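Just so you know, we're using the working numbering here: the sequence shown kicks off at -14 and counts up by one.
All C-beta atoms in this analysis are idealised placements derived from N, C-alpha and C, irrespective of residue type, glycine included.
In this text the structure is predicted, and so the values were computed from the model without any measurement.
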Amino acid sequence: MLKGLITTARNFYSWFWSIIIALLLGYLTWGSWRLYNNEKELQQFIKEGQPVKVQVTATDRQNHVWYDQFSNKVYITFNYNNQSYSTRYIQDSGWVYVGDKLTLLYHPQYNAFRQATKQINFKDRTNRSLLLDFSFVSMWNDERKWLLLTLILGTAFVLLTMGLISSIVHIPLLAHVGRLIVTAGVLSFALYFTYNGWQYHSYFNKIKNEGQQKTVTIISTEYQRHSKRSDAWWVTYEAWVQFDKEQRMIPIEEDDYDKLKANDQLPVFYNPSLNDMMPVNYTGDNMNIWVAVFFWAFAAFFVWQNYLKRKENR
């Protein structure tokens, strides 16, 4: 009897936390979707909006939406064509007060004003080479990034919700749909790393073949282990360099990590259009290819195990 109570308590505990996580995923999906629509609307204002100078008549510094806590914002009220308007404003160059004059974008279709600044955005990699931790997604605009994040969070929410329902009521259709979603996810990972590897080598060749040869000064070198084990086989070597008046982090070879010291000169290829650089002797990183091979092998095994083998057993 005690064993049965312990099992019941363990199942309830697991089910309770699954519900909490599902609710959190649902909330994050909704928030990400809102930010996607917000970014999409902002791009319309930037393309089609008219710049209008207005004078602030009232300010409100209270939080109105969940992401207000992450930025220095104020809600401003002003008049335009004998009509009162309010909008959210990011205070990136000092606080805004009543009486201040600001330039906003007015969109006739929305009959609304927007600041020509992102409300909340993904962090840009300004001084770190894209060749480090390369992902073609980092070259997307914020609108596409929010949409991708929404799809990922939404998929996780649907899978977890279906799992919760299946733990209460056995519905064969849900199990079949869930298996299809997981299969699509595994194939998506394989496609992502395949395309990412191709884009990486395209980006690498653009710097190498179209870049200008420059010389930078070494500030320091370091390495990153992509595993907690001391004998990790996947290690990336990096260097902080001085380029004109900027400090940048770029990839380097293992041999250079052992040889380069502070104030040493290092020849690099610099591509102005990409605003990125790499050492002249840098050979690139093939990790994306190996990860893609792993996921294609895993995808083949998954399809065989869940579809082909099932048919044979029938």
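Residue i versus residue j: straight-line alpha-carbon distance, rounded
| i | j | result |
| --- | --- | --- |
| PHE283 | ALA169 | 12 Å |
| ILE237 | TYR267 | 6 Å |
| SER3 | ASP45 | 38 Å |
| ASP118 | SER71 | 41 Å |
| GLU231 | ASN112 | 8 Å |
| LEU326 | GLN290 | Residue 326 is absent from the structure shown; the chain starts at -14 and stops at 299. |
| LYS86 | GLN54 | 25 Å |
| GLN197 | PHE1 | 59 Å |
| ASP270 | ILE204 | 23 Å |
| ALA247 | ILE274 | 33 Å |
| TRP219 | SER69 | 59 Å |
| ASN126 | LEU8 | 28 Å |
| THR140 | PHE279 | 22 Å |
| LYS130 | THR(-8) | 42 Å |
| TYR188 | LEU145 | 37 Å |
| PHE30 | VAL81 | 22 Å |
| LEU(-10) | ILE153 | 18 Å |
| ILE5 | ALA(-6) | 17 Å |
| ASP229 | ASP249 | 15 Å |
| TYR(-2) | TYR177 | 36 Å |
| MET272 | TRP183 | 12 Å |
| ASN(-4) | LYS193 | 57 Å |
For residue i, the nearest candidate out of the options (CA to CA)
| i | options | result |
| --- | --- | --- |
| PHE98 | LEU115, SER114, ASP118 and THR62 | THR62 |
| HIS92 | VAL171, GLY16, TYR65 and PHE280 | TYR65 |
| GLN35 | GLN100, VAL288, ASP240 and MET272 | GLN100 |
| LEU116 | THR(-8), TYR222, PHE(-3) and LEU(-10) | TYR222 |
| ASP261 | GLU26, GLU195 and TRP289 | GLU195 |
| GLY84 | LEU8, VAL39, ILE156 and ILE203 | VAL39 |
| TYR95 | GLU33, TRP80 and MET124 | GLU33 |
| ASN57 | THR42, PHE287 and GLY79 | GLY79 |
| VAL50 | VAL37, ARG73 and THR42 | ARG73 |
| LEU172 | GLN197, THR146 and PHE287 | PHE287 |
| ASP240 | ALA(-6), GLU207, MET272 and TRP183 | GLU207 |
| VAL201 | GLN227, ARG210, SER187 and GLN184 | GLN227 |
| ASN67 | VAL81, TYR82, THR42 and TYR52 | THR42 |
| LEU132 | ILE156, PHE107, SER151 and ILE153 | PHE107 |
| MET124 | VAL81, LEU(-10), TYR185 and LEU293 | TYR185 |
| GLN209 | TYR242, ILE6 and VAL154 | TYR242 |
Strand pairing of residue i, partner residues [DSSP]
| i | result |
| --- | --- |
| GLU207 | GLU223 |
| HIS161 | Answer is none; HIS161 lacks a bridge partner. |
| THR88 | LYS38 |
| ASP45 | TYR60 |
| SER69 | ASN64 |
| PRO252 | THR200 |
| GLU231 | PHE228 |
| TYR74 | VAL59 |
| MET262 | TYR255 |
Same chain, Cβ closer than 8 Å to residue i, neighbours up to 5 away in sequence not counted
| i | result |
| --- | --- |
| THR102 | ILE75 and ASP77 |
| GLU128 | TYR21, GLU24, LYS25 and GLN28 |
| TRP281 | ALA175 and THR179 |
| SER114 | ARG233, MET234, ILE235, PRO236, ASP261, MET262 and MET263 |
| VAL143 | ILE166 |
| TYR301 | The chain is shown from -14 up to 299; residue 301 falls before or after that span and cannot be answered. |
| SER151 | LEU159, ALA160 and GLY163 |
| ILE156 | ILE150 |
Spatial neighbours of residue i in its chain, beta-carbon cut-off 6 Å, leaving aside the 5 residues before and after
| i | result |
| --- | --- |
| LYS199 | VAL253 and TYR255 |
| THR147 | Contrary to the premise, residue 147 reads as Met rather than Thr in this sequence. Correct list, in chain order: LEU159 and GLY163. |
| VAL292 | Inspection of the sequence shows that residue 292 is occupied by Tyr rather than by Val. Contacts found: none. |
Cβ neighbours of residue i in the same chain (closer than 7 Å, five flanking residues each side left out)
| i | result |
| --- | --- |
| LYS191 | ASN256 and LEU259 |
| LEU138 | LEU10, LEU13, THR14 and SER17 |
C-beta atoms of residue i and residue j nearer than 7 Å
| i | j | result |
| --- | --- | --- |
| LEU251 | PRO264 | yes |
| THR135 | TRP18 | yes |
| THR179 | ALA277 | yes |
| PHE121 | ASN181 | yes |
| VAL37 | LEU89 | yes |
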